[in-house]
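Visitor: Counting from 7, one number per residue, gives the positions in the sequence shown under the numbering used here.
Even glycine gets a Cβ: it sits at the ideal position worked out from N, Cα and C.
In this text the structure is predicted, and so the values were computed from the model without any measurement.
A single structure is presented below for examination.
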Amino acid sequence: MKPLFPLFAILALAAPVLAQGEPDLTGAEPPPHGYWVDRMDLSRVEQDWSQARAGRSVDGRPLTLGGVVYKHGVGTHASSDMLIDLNGSATRFMAVVGVDDERKGLGSVRFFVDVDKRNAASTPVMRGGDAPRTLSVDVSGAKTLHLRVDDGGDGITNDHADWGGAVLILKPGAAEQPRMAVPPAEPLPVVGAPPGPKPAIHYPRIVGATPGRSFLFRVPATGKGPLTFAASNLPKGLLLDERTGILTGSLEAPGRTDVELTVTGPKGSATATLTIVGGTHQLALTPPMGWNSWNVWGGRVDADKVRAAADAMVSSGLASHGFQYINIDDTWEGARGPDGVIRTNDKFKDMKGLADYVHSKGLKLGIYSSPGPKTCAGYAGSERHEEQDAKTYGQWGIDYLKYDWCSCRSKDLKAPYALMRNALDQSSRDIVYSLCQYGMGDVWTWGDSVGGNCWRTTGDITDTWKSMSGIGFSQDGHEKFAGPGHWNDPDMLVVGDVGWGRPHPTKLTPNEQVTHISLWALQSAPLLIGCDMSKIDPFTTALLGNDEVLAIDQDALGKPAGRKSIDGKLEVWARPLSDGTMAVGLFNRDVDPAQVTARWSDLGLTGPQPVRDLWQKKDLGTFNDAFKATVPRHGAVLVKIGTPK
Numbered sequence: 007m008k009p010l011f012p013l014f015a016i017l018a019l020a021a022p023v024l025a026q027g028e029p030d031l032t033g034a035e036p037p038p039h040g041y042w043v044d045r046m047d048l049s050r051v052e053q054d055w056s057q058a059r060a061g062r063s064v065d066g067r068p069l070t071l072g073g074v075v076y077k078h079g080v081g082t083h084a085s086s087d088m089l090i091d092l093n094g095s096a097t098r099f100m101a102v103v104g105v106d107d108e109r110k111g112l113g114s115v116r117f118f119v120d121v122d123k124r125n126a127a128s129t130p131v132m133r134g135g136d137a138p139r140t141l142s143v144d145v146s147g148a149k150t151l152h153l154r155v156d157d158g159g160d161g162i163t164n165d166h167a168d169w170g171g172a173v174l175i176l177k178p179g180a181a182e183q184p185r186m187a188v189p190p191a192e193p194l195p196v197v198g199a200p201p202g203p204k205p206a207i208h209y210p211r212i213v214g215a216t217p218g219r220s221f222l223f224r225v226p227a228t229g230k231g232p233l234t235f236a237a238s239n240l241p242k243g244l245l246l247d248e249r250t251g252i253l254t255g256s257l258e259a260p261g262r263t264d265v266e267l268t269v270t271g272p273k274g275s276a277t278a279t280l281t282i283v284g285g286t287h288q289l290a291l292t293p294p295m296g297w298n299s300w301n302v303w304g305g306r307v308d309a310d311k312v313r314a315a316a317d318a319m320v321s322s323g324l325a326s327h328g329f330q331y332i333n334i335d336d337t338w339e340g341a342r343g344p345d346g347v348i349r350t351n352d353k354f355k356d357m358k359g360l361a362d363y364v365h366s367k368g369l370k371l372g373i374y375s376s377p378g379p380k381t382c383a384g385y386a387g388s389e390r391h392e393e394q395d396a397k398t399y400g401q402w403g404i405d406y407l408k409y410d411w412c413s414c415r416s417k418d419l420k421a422p423y424a425l426m427r428n429a430l431d432q433s434s435r436d437i438v439y440s441l442c443q444y445g446m447g448d449v450w451t452w453g454d455s456v457g458g459n460c461w462r463t464t465g466d467i468t469d470t471w472k473s474m475s476g477i478g479f480s481q482d483g484h485e486k487f488a489g490p491g492h493w494n495d496p497d498m499l500v501v502g503d504v505g506w507g508r509p510h511p512t513k514l515t516p517n518e519q520v521t522h523i524s525l526w527a528l529q530s531a532p533l534l535i536g537c538d539m540s541k542i543d544p545f546t547t548a549l550l551g552n553d554e555v556l557a558i559d560q561d562a563l564g565k566p567a568g569r570k571s572i573d574g575k576l577e578v579w580a581r582p583l584s585d586g587t588m589a590v591g592l593f594n595r596d597v598d599p600a601q602v603t604a605r606w607s608d609l610g611l612t613g614p615q616p617v618r619d620l621w622q623k624k625d626l627g628t629f630n631d632a633f634k635a636t637v638p639r640h641g642a643v644l645v646k647i648g649t650p651k
């Protein structure tokens, strides 16, 4: 076979047939001077699903290609990156590659071997059932080896990609062994300066409520205090506390009202228009912003931790940037009484009192249940008690319900959610309704029809690059089903101290956190903080409190972003905004910094356009046909393009 690059030879062979002189890679012992790749720290392998496994498939079964079992090798899943620091100690890399037999003919992938950032070998698209191929690459004197797998161009489903018998042949007497590369230290990204002393009114700028039901809204405003608030043209039934900026009362009639808000302090004043919409099913006109207990506390949540989160939401300043929900996840539930009414357990002795405490700060309280008999943690669900529970939530003062599928046995995915929607409609209180069933049945196509205000589109997120990026970048195409009052939810945020009961600093690098928030904001996702609010650090506060970024998520037009271009692991996402401009994210999913280009032809733009960097809060100039930026590994640049109307 004619070589594709002078440093390597690629042999397409059905294992276990071997080319003359090629060693057997199936056994327990390596070839002479061989070092199995699966001896390295595979936790550093990045992939879009599950985790790389030593000597096993990604599903944990014997690593099998073409009917042959490999005792050594690495089972991965597309897309994946394995970056190895060779230290100049190796002379050759070899592996047998293909889709693991466990997929029974399904899946499609491509394999790439890069040596010192130059492609040295690749395969065509390999599908499940195809004959394995042997890769043999000269790495003499090389510093780095990058083993990559992509999805073959049709998504990652069933893409169980094996590097069977992956081995490095070392120089005799090599002083150092190869190891998984450690990413270089990165400078802390700029995520925006803290708000200045001059008053400012932030987002959201539109809110809805049902006439006759309790209304609560905290005006999101910053500035050197003391601040005073004023409003003109308030709808009948509402009052504004001039000291706290908290709007309360009850709308007397349906309709849409533009209210002029003014906030005044020692350093000046600011005005902005808040649109208040009265009517049925007018909740969540922008994506909900707040906090949820699960990603930090898991089953260890209690009333004191919830109060602390509410306190910290105010003291951190994030409540002044529009974060308003304090949501209790699973494990608050107690036994039902003889009358079937749900009770709280000892961790939450007074739910009504807790709600009153949260409301006193201008914040809202959320709760959790399941359409099945049990919640995910095994507590009482709402099956056959929907009307009772909705009534109880209203009496307690609940403002948000996360309804998690878990033990539900219905064969009809829609019916259990429609049933609770009807119950909530009969409640005495407005309750935002969040469907949580992990994207089953393409929920984005029908979540709105059963009254959902948002719906989970994926499985649970974790604080790793592979989880966050795999979820975030898989949302393309869902955007056409979302809009004001009904949003796609790619799960809660994993910045700050998280840990599901054992808190630790997020494993996401600062640049990965910028990607996380940029992508969620572009997609109009609910922004539910999942960290220990009582220990929130300055970087996390600045990351979550950048108002120019939050304005994208909270834009009243409600048109989420989709992918506009892709070049390998470089992507551009964009969305139109209500002021006639466009929000554009430039993303680098690769392991090295790269230049990413947003072309006007991909964005539907023409002529010279001004560009503003939203994280750095600065104008970058005017560009004619495209905007280019060098983006850090796993990082993002978020810009606004165009002149506001």
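Should the segment 388–398 be called in touch with the segment 342–362, which here means at least 3 C-beta pairs below 8 Å?
Guide: The segment 388–398, when compared against the segment 342–362, does touch it at the 8 Å Cβ threshold.
Visitor: Check residue 363 in the structure and name its three-state DSSP category.
Guide: Helix, per DSSP.
Visitor: Applying the 10 Å Cβ sphere with the 16-neighbour rule, what's the burial state of residue 140?
Guide: When all chains shown are included, residue 140 counts as buried.
Visitor: For residue 23, is the classification buried or exposed, using 16 other Cβ atoms within 10 angstroms of its Cβ as the cut-off for buried?
Guide: In this predicted model, residue 23 has a pLDDT of only 38, less than 50, meaning its place in the structure is not dependable; the value taken from the coordinates is given anyway. Its Cβ having fewer than 16 others within 10 Å, residue 23 is exposed.
Visitor: Pick from 377, 551, 243: whose alpha carbon is nearest that of residue 413?
Guide: For the residues 377, 551, 243, the minimum Cα distance to residue 413 belongs to 377.
Visitor: Is residue 230 helix, strand or coil by DSSP?
Guide: The answer is coil: DSSP assigns residue 230 none of H, G, I, E or B.
Visitor: Which one or two residues does DSSP pair with residue 274 in a beta bridge?
Guide: According to DSSP, which records beta bridges pairwise, residue 274 is partnered with 271.
Visitor: Is it buried or exposed, residue 100, if we count other Cβ atoms within 10 angstroms and call 16 or more buried?
Guide: With 16 or more Cβ atoms within 10 Å of its Cβ, residue 100 is classed as buried.
Visitor: Whose C-beta lies closer than 6 Å to the C-beta of residue 47 among residues of the same chain, with five residues either side of it excluded?
Guide: Excluding residues within five positions, the ones whose Cβ falls inside 6 Å are 186.
Visitor: For the candidate residues 625, 439, 349, 31, whose alpha-carbon lies nearest to that of residue 644?
Guide: With distances taken between Cα atoms, residue 644 lies closest to 625.
Visitor: Taking only runs of the beta strand (DSSP E) that begin and end inside the segment 378–443, which ones reach a length of at least 3 residues, in chain order?
Guide: Complete beta strand (DSSP E) runs here, min 3: 406–410, 438–442.
Visitor: Between residue 103 and residue 168, how many whole angstroms is the CB-CB distance? I'm expecting something under 8 Å.
Guide: Right, the Cβ-Cβ distance comes to about 7 Å (below 8 Å), so this counts as a contact.
Visitor: Check for me: the beta strand (DSSP E) holding residue 103 runs from which residue to which?
Guide: Per DSSP, residue 103 belongs to the beta strand (DSSP E) from 96–105.
Visitor: So, are the CB atoms of residue 410 and residue 442 less than 7 Å apart?
Guide: Result yes, Cβ atoms of residue 410 and residue 442 sit closer than 7 Å.
Visitor: Can you give me the Cβ contacts of residue 529 inside the same chain, cut-off strictly under 6 Å, excluding the 5 residues immediately before and after it?
Guide: The residues are 481, 566, 567.
Visitor: Compare the Cα-Cα distances from residue 151 to each of 173, 122, 131 and report the closest residue.
Guide: The candidate whose alpha carbon is nearest that of residue 151 is 122.
Visitor: Between the alpha carbons of residue 632 and residue 605, how many angstroms are there, rounded?
Guide: Their backbone Cα atoms lie some 4 Å apart in a straight line.
Visitor: Under DSSP, the beta strand (DSSP E) around residue 3 begins and ends at which residues?
Guide: This structure does not reach residue 3, given that the chain is present from 7 up to 651, and the question cannot be answered.
Visitor: Going by Cα to Cα distance, which pick from 215, 250, 501 is closest to residue 226?
Guide: If we check each option's Cα against that of residue 226, 250 comes out closest.
Visitor: Can you tell me the Cα-Cα spacing of residue 533 and residue 81, whole angstroms?
Guide: Their Cα atoms are separated by approximately 34 Å.
Visitor: My output table needs one value for residue 358: the three-state DSSP class, helix, strand or coil.
Guide: In this structure, residue 358 counts as helix in the three-state DSSP scheme.
Visitor: CB-CB under 6 Å to residue 423, same chain, minus the five flanking residues each way: which ones, in chain order?
Guide: The residues are 441, 456.
Visitor: Count the other C-beta atoms from every protein chain shown that fall within 10 angstroms of the C-beta of residue 26, then say buried if there are 16 or more, exposed otherwise.
Guide: In this prediction, residue 26 has a pLDDT of 47, which is less than 50 and means its spatial position is unreliable; nothing more can be read from the coordinates.
Visitor: To the nearest angstrom, how far is the alpha carbon of residue 546 from that of residue 539?
Guide: Near 10 Å, if we compare the C-alpha coordinates of residue 539 and residue 546.
Visitor: Going by the beta-carbon positions, is the gap between residue 180 and residue 95 smaller than 7 Å?
Guide: Their beta carbons are under 7 Å apart, which means residue 180 touches residue 95 by this criterion.
Visitor: Considering only C-alpha positions, which residue in the set 361, 264, 463 is nearest to residue 492?
Guide: Looking at the Cα atoms, 463 is the closest of the given residues.
Visitor: What residues in its chain sit with their C-beta under 8 Å from that of residue 446, if we drop five residues either side in the sequence?
Guide: Result list for residue 446: 411, 419, in chain order.
Visitor: For residue 485, count the other beta carbons within 10 Å of its own beta carbon; 16 or more makes it buried, fewer makes it exposed. Which is it?
Guide: When all chains shown are included, residue 485 counts as buried.
Visitor: Helix, strand or coil for residue 548, going by three-state DSSP, please let me know.
Guide: Residue 548: helix per DSSP, three-state reduction.
Visitor: Going along the chain, which residues of its own chain have a beta-carbon closer than 6 Å to the beta-carbon of residue 647, five neighbours each way excluded?
Guide: Same-chain partners within the cutoff: 588, 590, 615, 617.
Visitor: Taking the continuous beta strand (DSSP E) assigned at residue 333, which residues delimit it?
Guide: Element bounds for residue 333: 331–333.
Visitor: Looking at the structure shown, is residue 478 part of a helix, part of a strand, or coil, going by DSSP?
Guide: Looking at residue 478 - three-state DSSP - the assignment turns out to be helix.
Visitor: Measure the C-alpha to C-alpha separation of residue 49 and residue 559 and round it to an integer number of angstroms.
Guide: So the alpha carbons of these two residues sit roughly 33 Å apart.
Visitor: What are the start and end residues of the beta strand (DSSP E) that includes residue 540?
Guide: No beta strand (DSSP E) holds residue 540; DSSP gives it neither H nor E.
Visitor: Taking Cβ positions, are residue 602 and residue 639 nearer each other than 7 Å?
Guide: No; because the gap between Cβ atoms is not below 7 Å, this pair is not in contact.
Visitor: Measuring CB to CB, does residue 512 end up less than 7 Å from residue 504?
Guide: Contact flag set, yes.
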